[in-house]
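Novice: Just so you know, the sequences run in chain order V and X. Under this note's numbering, think of the first position of the first sequence as 1, with each following residue one higher. Under this note's numbering, think of the first position of the second sequence as 163, with each following residue one higher. Here a beta-carbon is modelled for each residue, glycine too, at the ideal position from N, C-alpha and C.
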Amino acid sequence: MQPIKYVDALGEYYGSMGHPPYRWTINETAPLHRLSKSLSECTVSLLTSGGVSQCSMPAFNPDARNDHRLDAIDRDISATDFQVHDSYYDHSDADADINCIFPIDRLRELAANGEIGAVANRFWSGFMGRIYNRSKITDETGPAFADALMEDRVDILVAAPS
Amino acid sequence: MGLVSRLLEERGIATVCVATGRDLINLVKAPRALFVNHPMGNNFGAQGDSAMQTDILRTALAMIVNTEVGGELKDYPTNWAKPFQFAPGGARKPDQQSEGFAVKAQQR
Chain V
1 MQPIKYVDAL GEYYGSMGHP PYRWTINETA PLHRLSKSLS ECTVSLLTSG
51 GVSQCSMPAF NPDARNDHRL DAIDRDISAT DFQVHDSYYD HSDADADINC
101 IFPIDRLREL AANGEIGAVA NRFWSGFMGR IYNRSKITDE TGPAFADALM
151 EDRVDILVAA PS
Chain X
163 MGLVSRLLEE RGIATVCVAT GRDLINLVKA PRALFVNHPM GNNFGAQGDS
213 AMQTDILRTA LAMIVNTEVG GELKDYPTNW AKPFQFAPGG ARKPDQQSEG
263 FAVKAQQR
């Protein structure tokens with residue numbers, strides 16, 4: 001099956017909701033940080049943008065726009081202690097098994113068998129998308145997130161946009 | 163999220179995006195991206211399919227080691243069992259539960 005053309009589909013969807021046309025960020029090149037150690041020595045964290053929150057926390061706004069909320073989630077959390085609120089995709093599978101979008105159990109298994117060095121102290125959920133004020137990411141929330149990851153001595157972040 | 167990844171790389175944190183939107187992740191040019199042709203919300207596979215969840219996670223982590231040039235986009239070899247579309251509107255109703263699953267395709 002051919003990949004879905006989300007740029008077109010989302011443009012139509014945003015328009016139908018009365019939002020202004022979304023201006024996608026277009027880059028021709030990308031920075032790359034290469035690690036000088038093996039995976040088995042690395043501390044790894046996860047980030048989801050799928051409207052995932054702990055059951056004890058407020059739900060994400062499923063129709064959010066310009067929502068810069070970012071939740072830190074303890075690395076020992078149970079995979080059943082989540083709720084998903086996002087109206088932009090079908091999350092029924094993730095409701096039943098959070099590892100579909102946020103593979104916390106799988107990452108902990110890789111740490112247990114030594115394929116990675118460690119799971120970071122915190123997992124992350126936020127940057128839900130439909131963010132029109134992108135300079136806030138580059139100037140505020142992004143750098144603050146980098147600081148938090150560095151505080152946890154994170155070498156690698158696996159990010160799963162939804 | 164590609165934007166965040168780019169910023170983190172510049173701060174010395176290696177990143178990989180596991181994405182279900184090929185055109186989206188390609189536009190922003192994430193430093194490393196693994197495209198998985200599954201419905202949005204099934205980036206790592208179907209519910210309960212821990213073998214595929216692990217395999218996709220391992221494949222993404224391997225890109226951390228193997229990628230030499232920023233902006234690499236790799237396709238994970240997979241076939242979702244049923245055709246799917248962009249599906250806004252949140253979760254399905256209980257009588258519309260997915261029976262979706264994926265089969266890893268032959269490596270090309």
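What are the start and end residues of each continuous beta strand (DSSP E) run of 3 or more residues lying completely inside the segment 167-198 of chain X, in chain order?
Specialist: 176-181, 194-197, all fully within the segment 167-198 of chain X.
Novice: Compute the Euclidean distance between the alpha carbons of arginine 270 (chain X) and aspartate 63 (chain V), then round it to the nearest angstrom.
Specialist: Unreliable positioning characterises arginine 270 (chain X) in this predicted model, as indicated by a pLDDT of 48, which lies under 50. The coordinate reading is nonetheless provided below. Cα to Cα, arginine 270 (chain X) sits roughly 39 Å from aspartate 63 (chain V).
Novice: Answer yes or no: do aspartate 155 (chain V) and leucine 46 (chain V) have a C-beta to C-beta separation smaller than 8 Å?
Specialist: No, the Cβ-Cβ distance between aspartate 155 (chain V) and leucine 46 (chain V) is not below 8 Å.
Novice: Grab the span of the alpha helix (DSSP H) containing isoleucine 104 (chain V) for me, first residue to last.
Specialist: Here the alpha helix (DSSP H) through isoleucine 104 (chain V) covers 104-112.
Novice: Could you check the C-alpha separation between glycine 233 (chain X) and glutamate 172 (chain X) for me, to the nearest Å?
Specialist: Approximately 13 Å between the Cα atoms of the pair.
Novice: DSSP three-state call for leucine 10 (chain V): helix, strand or coil?
Specialist: It is helical.
Novice: Can you find a CB in chain V that lies within less than 8 Å of the CB of alanine 249 (chain X)?
Specialist: So yes, alanine 249 (chain X) belongs to the interface.
Novice: Cβ of alanine 192 (chain X) within 8 Å of Cβ of serine 212 (chain X)?
Specialist: Not a contact, by the Cβ cut-off of 8 Å.
Novice: Below 8 Å on the Cβ atoms is my contact criterion, and I expect aspartate 74 (chain V) with arginine 108 (chain V) to pass it. Report the Cβ-Cβ distance as a whole number of Å.
Specialist: So it is not a contact: roughly 12 Å between Cβ atoms.
Novice: Give me, in chain order, the residues of the same chain whose beta-carbon lies closer than 6 Å to that of leucine 170 (chain X); leave out the 5 immediate sequence neighbours on both sides.
Specialist: Once the five neighbours on either side are set aside, the close Cβ partners of leucine 170 (chain X) are Thr177.
Novice: Starting from the C-beta of glutamate 151 (chain V), find all residues in its chain whose C-beta is less than 8 Å away, skip the five residues before and the five after it, and write them out in chain order.
Specialist: So no residue of the chain qualifies.
Novice: So, helix, strand or coil for serine 92 (chain V), using DSSP?
Specialist: Here serine 92 (chain V) sits in helix by DSSP.
Novice: If you reduce the DSSP assignment to three classes, tell me which class serine 40 (chain V) lands in.
Specialist: Serine 40 (chain V): helix per DSSP, three-state reduction.
Novice: Output the distance between the C-alpha atoms of glycine 114 (chain V) and serine 40 (chain V), rounded to the nearest integer angstrom.
Specialist: Whole-angstrom Cα-Cα distance: 6 Å.
Novice: Please report the straight-line C-alpha distance between alanine 144 (chain V) and glycine 15 (chain V), rounded to a whole angstrom.
Specialist: Whole-angstrom Cα-Cα distance: 32 Å.
Novice: Taking the alpha carbon of alanine 159 (chain V) as the reference point, which residue from V:Leu32, V:Thr138, V:Pro103, V:Glu12 has its own alpha carbon closest?
Specialist: Checking every option, the nearest Cα to that of alanine 159 (chain V) belongs to V:Pro103.
Novice: How would you list, in chain order, the residues of chain V whose beta-carbon sits under 7 Å from the beta-carbon of alanine 192 (chain X)?
Specialist: Ordered by position in chain V, the residues that pass the 7 Å Cβ test against alanine 192 (chain X) are Ala30.
Novice: At least one CB of chain X closer than 8 Å to the CB of aspartate 67 (chain V): is that the case?
Specialist: So, not an interface residue.
Novice: Counting only beta-carbon separations shorter than 8 Å, does valine 178 (chain X) have a partner in chain V?
Specialist: At least one chain V Cβ lies under 8 Å of valine 178 (chain X).
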